[in-house]
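Everything below concerns the one structure shown next.
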Amino acid sequence: MLDGFAEGDRHSRSLLFGCGVVLFLVASAAAQASGASSQLVLENDFLRVFRITIAPNDSTTLAEKTDAVLLRISSESSEFLPKGRSVQETNGSDRETVDLLIELKRHWDAEVLPCSFPKQCTRTTEMGGEAIAWTTTIFTNGFITGSTHKLVRGGTLTSSYYTAKGSDRILVVPFTKLKANFGGTEETLNAGEPYFSAGTEVEVTANDAESRWFVLRINVSK
334 MLDGFAEGDR HSRSLLFGCG VVLFLVASAA AQASGASSQL VLENDFLRVF
384 RITIAPNDST TLAEKTDAVL LRISSESSEF LPKGRSVQET NGSDRETVDL
434 LIELKRHWDA EVLPCSFPKQ CTRTTEMGGE AIAWTTTIFT NGFITGSTHK
484 LVRGGTLTSS YYTAKGSDRI LVVPFTKLKA NFGGTEETLN AGEPYFSAGT
534 EVEVTANDAE SRWFVLRINV SK
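For the sequence shown, the numbering used here gives the first residue as 334, with consecutive numbering after it.
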């Protein structure tokens with residue numbers, strides 16, 4: 334469970350396909366030859382989300398001009414990329430891999446740190462004495478927080494988002510097909526499909542298979 338959030342529901346699910354922008358993709362010669370690509374799939378006042386496709390046995394370099402989050406769909410991992418940092422992404426498999434690059438439109442001076450010992454990074458939700466869900470904090474600075482969630486087959490997890498000093502926005506990206514209710518709005522999302530919401534209560538139900546997803550939480554001060 335996360336902290337509660339009280340605000341009217343508002344969400345943006347603009348998938349802007351066909352916009353072949355390469356603002357943050359600095360491809361190697363090999364990547365250029367095989368067609369590594371970047372596509373804008375969602376944009377609002379808080380962030381831009383790019384889908385980056387890397388060809389088999391290829392690599393590309395991401396050079397960030399602003400704070401960003403790199404989300405690797407295939408490995409279900411994420412990391413915060415501060416402004417000015419470059420990272421090389423390599424695909425050593427025989428299939429295309431897809432990353433999401435989440436560019437943040439606001440910068441916070443507080444350093445973003447990975448969650449590590451002795452902090453408790455994973456919280457377990459139980460029902461009837463049995464663990465049904467796990468929420469793991471990946472990084473945070475108090476203003477932005479990245480976390481992953483796992484829910485067992487047949488389970489239901491309700492997460493609420495509330496901040497006494499301001500409000501929250503959340504970006505949800507499934508690693509598996511996800512059935513969720515965002516403050517009364519039912520959505521079925523495919524793996525790698527970003528969904529932006531003004532928080533409220535999010536209920537995920539894993540009917541036929543285990544569900545796994547990533548949440549980027551953004552605090553908006555009053």
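We put the beta carbon where it would ideally sit given N, CA and C, even for glycine.
| field | 3 or more residues per run - each beta strand (DSSP E) lying fully within the stretch 394-445 | value | 401-405, 410-414, 419-424 and 430-437
| task | Report the rounded CA-to-CA distance for ALA443 versus ASN552, giving the unit in angstroms. | result | 13 angstroms
| query | Which term fits ASN424, buried or exposed, when burial requires 16 or more other beta carbons within 10 angstroms of its beta carbon? | reply | buried
| Reduced DSSP category for THR468 - H, G, I as helix; E, B as strand; rest coil | strand
| What are the partner residues of ASP501, as DSSP defines its beta bridges? | ASN552
| query | What first and last residue would you give for the beta strand (DSSP E) that runs through GLN372? | reply | 370-376
| query | Does the separation of the CB atoms of LEU504 and LEU380 fall below 9 angstroms? | reply | yes
| request: Measuring alpha carbon to alpha carbon, tell me which of LEU404, ARG418 and VAL537 ends up nearest ALA466. | output: VAL537
| Which residue's Cα is closest to the Cα of VAL431: PHE476, GLY525 and TYR494? | GLY525
| Cβ contact check for the stretch 533-550 and the stretch 484-491: 3 or more pairs under 8 angstroms | yes
| For PHE476, which residues from the same chain have a beta carbon less than 7 angstroms from its beta carbon, with the 5 sequence-adjacent residues on both sides left out? | TRP441, ALA443 and ASN552
| field | Check: SER392 C-beta below 8 angstroms from any heavy atom of the ligand FMN | value | In the structure shown, the ligand FMN is absent, as is every other ligand, since no ligand is present at all.
| request: Using three-state DSSP, classify PHE529 as helix, strand or coil. | output: strand
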